[in-house]
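Peer 1: Numbering (my numbering), first residue to last: 24 to 140.
Note that beta-carbon positions come from the ideal geometry of N, C-alpha and C, so glycine has one too.
1. Below 8 Å CB to CB, which residues in the same chain sit around residue 19 once its five sequence neighbours on both sides are set aside?
2. Counting only the same chain and skipping the five closest in sequence on each side, list residues whose C-beta sits under 6 Å from that of residue 53.
3. Looking only at DSSP bridge pairs, what is residue 29 linked to?
4. Taking the straight line between their C-alpha atoms, what separation do you get for residue 68 and residue 45?
5. Is it right to say residue 42 is buried, meaning 16 or more other beta carbons lie within 10 angstroms of its own, or is it exposed?
6. Closest by CA to residue 79, which one among 95, 59, 110 and 96?
The structure is reproduced here in structure tokens:
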């Protein structure tokens, strides 16, 4: 059996056959990924891109992955990894959160006390 699969994360060709005895004890995720690291990176960036996890969660999840070969990943994966680990926008988000927290919430009863229905 030749290299019959291409990893969704890095594009590397690898060998896997879900029906062959040589692959019988290998995990099912090998249908799509050549390594568990590629699987974890893909799942993290995919979940982040779909809004299923926050940037903070994605940063934490990616910190557990080996990103030393990120330049070998497919372009869309590289872009999402860069977006997640990029800290340039974090200050802007923090400032916005602080501004939102500074807004005082006035109970509706005080606002409408003198209004006419």
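Peer 2: Quick look at the numbers:
1. Since the first residue shown for the chain is 24 and the last is 140, residue 19 is missing from the structure and cannot be characterised.
2. 39
3. Partner residues in the beta bridge of residue 29, as assigned by DSSP, are 36.
4. 31 Å
5. exposed
6. 110
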